[in-house]
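Numbering (this note's numbering), first residue to last: 534 to 674.
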(Lines of atoms letter the chains of each structure in order from A; the text may use other names.)
(Lines give C-alpha, C1' and ligand atoms only; values in the text may rest on other atoms or scores of the structure.)
Protein backbone atom coordinates (compact mmCIF):
# COMPACT_ATOMS: atom_id res chain seq x y z
CA UNK A 534 0.00 0.00 0.00
CA UNK A 535 2.85 2.40 0.71
CA UNK A 536 4.28 1.98 -2.81
CA UNK A 537 0.93 2.86 -4.34
CA UNK A 538 0.76 6.03 -2.25
CA UNK A 539 4.23 7.06 -3.38
CA UNK A 540 3.44 6.46 -7.05
CA UNK A 541 0.04 8.13 -6.83
CA UNK A 542 1.82 11.46 -6.32
CA UNK A 543 3.60 11.07 -9.69
CA UNK A 544 1.77 11.68 -12.96
CA UNK A 545 4.38 9.71 -14.95
CA UNK A 546 6.06 6.35 -14.30
CA UNK A 547 9.56 7.23 -13.10
CA UNK A 548 12.24 5.45 -11.12
CA UNK A 549 12.22 5.35 -7.34
CA UNK A 550 15.20 7.70 -7.08
CA UNK A 551 14.96 9.80 -10.24
CA UNK A 552 12.58 11.79 -12.39
CA UNK A 553 13.51 9.82 -15.51
CA UNK A 554 10.41 8.53 -17.29
CA UNK A 555 10.00 4.89 -18.34
CA UNK A 556 13.53 3.80 -17.49
CA UNK A 557 15.10 6.34 -19.84
CA UNK A 558 13.85 4.62 -22.99
CA UNK A 559 13.29 6.79 -26.05
CA UNK A 560 9.50 6.70 -26.24
CA UNK A 561 9.51 7.63 -29.93
CA UNK A 562 11.52 4.46 -30.55
CA UNK A 563 8.56 2.18 -29.85
CA UNK A 564 6.95 3.54 -33.01
CA UNK A 565 9.65 2.32 -35.40
CA UNK A 566 8.27 0.12 -38.21
CA UNK A 567 8.69 -3.60 -37.69
CA UNK A 568 9.15 -3.59 -33.91
CA UNK A 569 7.18 -5.93 -31.70
CA UNK A 570 6.81 -6.13 -27.94
CA UNK A 571 9.80 -8.46 -27.76
CA UNK A 572 12.07 -5.93 -29.51
CA UNK A 573 14.53 -3.79 -27.60
CA UNK A 574 13.88 -0.06 -27.83
CA UNK A 575 16.61 2.56 -27.95
CA UNK A 576 17.77 3.92 -24.63
CA UNK A 577 17.77 7.70 -24.37
CA UNK A 578 20.63 9.76 -22.98
CA UNK A 579 20.88 12.71 -20.62
CA UNK A 580 22.08 14.73 -23.59
CA UNK A 581 18.58 14.79 -25.13
CA UNK A 582 15.93 15.42 -22.47
CA UNK A 583 12.45 16.92 -22.61
CA UNK A 584 10.59 17.70 -19.40
CA UNK A 585 6.91 16.82 -19.55
CA UNK A 586 4.40 16.25 -16.74
CA UNK A 587 7.12 16.60 -14.11
CA UNK A 588 9.34 13.89 -15.58
CA UNK A 589 12.51 13.85 -17.65
CA UNK A 590 11.95 12.00 -20.93
CA UNK A 591 15.25 10.91 -22.47
CA UNK A 592 15.85 10.43 -26.19
CA UNK A 593 18.49 8.83 -28.39
CA UNK A 594 18.76 11.88 -30.65
CA UNK A 595 17.77 15.52 -30.92
CA UNK A 596 15.39 14.58 -33.74
CA UNK A 597 13.54 12.17 -31.42
CA UNK A 598 13.40 14.77 -28.65
CA UNK A 599 11.99 17.31 -31.11
CA UNK A 600 9.31 14.86 -32.31
CA UNK A 601 8.22 14.26 -28.73
CA UNK A 602 8.27 17.94 -27.78
CA UNK A 603 6.05 18.77 -30.75
CA UNK A 604 3.35 16.21 -29.80
CA UNK A 605 3.95 14.44 -26.45
CA UNK A 606 0.49 12.87 -26.29
CA UNK A 607 1.25 10.96 -29.47
CA UNK A 608 4.23 9.19 -27.90
CA UNK A 609 3.42 8.90 -24.19
CA UNK A 610 2.38 5.35 -23.27
CA UNK A 611 -1.15 4.76 -22.05
CA UNK A 612 -1.42 5.37 -18.30
CA UNK A 613 1.70 7.59 -18.55
CA UNK A 614 3.87 4.49 -18.53
CA UNK A 615 2.51 2.80 -15.41
CA UNK A 616 1.89 -0.94 -15.64
CA UNK A 617 -1.26 -1.62 -17.65
CA UNK A 618 -1.65 -5.08 -16.13
CA UNK A 619 -1.44 -3.83 -12.54
CA UNK A 620 -4.13 -1.26 -13.27
CA UNK A 621 -6.33 -3.93 -14.87
CA UNK A 622 -6.01 -6.01 -11.68
CA UNK A 623 -6.74 -2.99 -9.43
CA UNK A 624 -3.22 -3.17 -7.97
CA UNK A 625 -2.60 0.56 -8.27
CA UNK A 626 0.19 2.46 -9.98
CA UNK A 627 3.23 0.26 -10.51
CA UNK A 628 6.24 1.85 -12.22
CA UNK A 629 7.74 0.23 -15.31
CA UNK A 630 11.23 0.16 -16.77
CA UNK A 631 10.08 0.55 -20.37
CA UNK A 632 11.55 -2.85 -21.31
CA UNK A 633 8.28 -4.82 -21.43
CA UNK A 634 5.79 -3.35 -23.85
CA UNK A 635 3.19 -3.99 -26.51
CA UNK A 636 0.74 -2.11 -28.69
CA UNK A 637 -2.91 -2.96 -28.11
CA UNK A 638 -5.07 -1.21 -30.63
CA UNK A 639 -3.19 1.97 -31.44
CA UNK A 640 -1.90 2.51 -27.91
CA UNK A 641 1.47 1.72 -26.41
CA UNK A 642 1.15 -0.17 -23.12
CA UNK A 643 4.02 -0.79 -20.71
CA UNK A 644 4.22 -3.65 -18.23
CA UNK A 645 6.17 -4.27 -15.06
CA UNK A 646 6.89 -7.86 -16.09
CA UNK A 647 6.59 -10.17 -19.09
CA UNK A 648 3.93 -12.19 -17.27
CA UNK A 649 1.54 -9.23 -17.43
CA UNK A 650 2.22 -8.67 -21.12
CA UNK A 651 1.54 -12.35 -21.81
CA UNK A 652 -1.73 -12.15 -19.87
CA UNK A 653 -2.87 -9.36 -22.18
CA UNK A 654 -1.62 -11.10 -25.34
CA UNK A 655 -3.36 -14.36 -24.47
CA UNK A 656 -6.51 -12.95 -22.88
CA UNK A 657 -9.23 -10.41 -23.51
CA UNK A 658 -7.08 -7.28 -23.71
CA UNK A 659 -10.08 -5.05 -24.51
CA UNK A 660 -11.71 -6.06 -21.24
CA UNK A 661 -8.42 -5.62 -19.35
CA UNK A 662 -7.97 -2.19 -20.91
CA UNK A 663 -11.50 -1.13 -19.97
CA UNK A 664 -10.84 -2.13 -16.35
CA UNK A 665 -7.46 -0.40 -16.37
CA UNK A 666 -9.04 2.75 -17.83
CA UNK A 667 -11.50 2.91 -14.93
CA UNK A 668 -8.73 2.39 -12.38
CA UNK A 669 -6.58 5.05 -14.08
CA UNK A 670 -9.46 7.54 -13.99
CA UNK A 671 -10.05 6.88 -10.30
CA UNK A 672 -6.36 7.18 -9.40
CA UNK A 673 -5.79 10.24 -11.58
CA UNK A 674 -8.40 12.40 -9.85
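Glycine included, each C-beta is placed from N, C-alpha and C at the ideal position. The model shown is predicted, which means the values in this text are computed figures rather than measured ones.
Rounded to whole angstroms, the gap between the alpha carbons of residue 633 and residue 570 is 7 angstroms.
Judged by DSSP secondary structure, residue 579 falls within the beta strand (DSSP E) whose first and last residues are 578 to 585.
Between the stretch 606 to 616 and the stretch 575 to 582 there are fewer than three C-beta pairs closer than 8 angstroms, too few to call the two in contact.
Between residue 620 and residue 669, the C-beta spacing is below 9 angstroms. Per DSSP, residue 658 lies in no beta strand (DSSP E) segment; the continuous alpha helix (DSSP H) that holds it begins and ends at 658 to 673. Rounded to the nearest whole angstrom, the CA to CA distance from residue 660 to residue 600 is 32 angstroms. Taking residue 616 as the centre and dropping the five residues before and after it, the same chain places the C-beta of 627, 629, 644, 645 closer than 6 angstroms to its C-beta, in chain order. Per DSSP, the continuous alpha helix (DSSP H) segment holding residue 651 begins and ends at 647 to 655. Of all alpha-carbon atoms in 585, 564, 565, 635, the one lying nearest the alpha-carbon of residue 553 is that of 585. Considering only 568, 605, 559, 625, the residue with the shortest C-alpha distance to residue 593 is 559.
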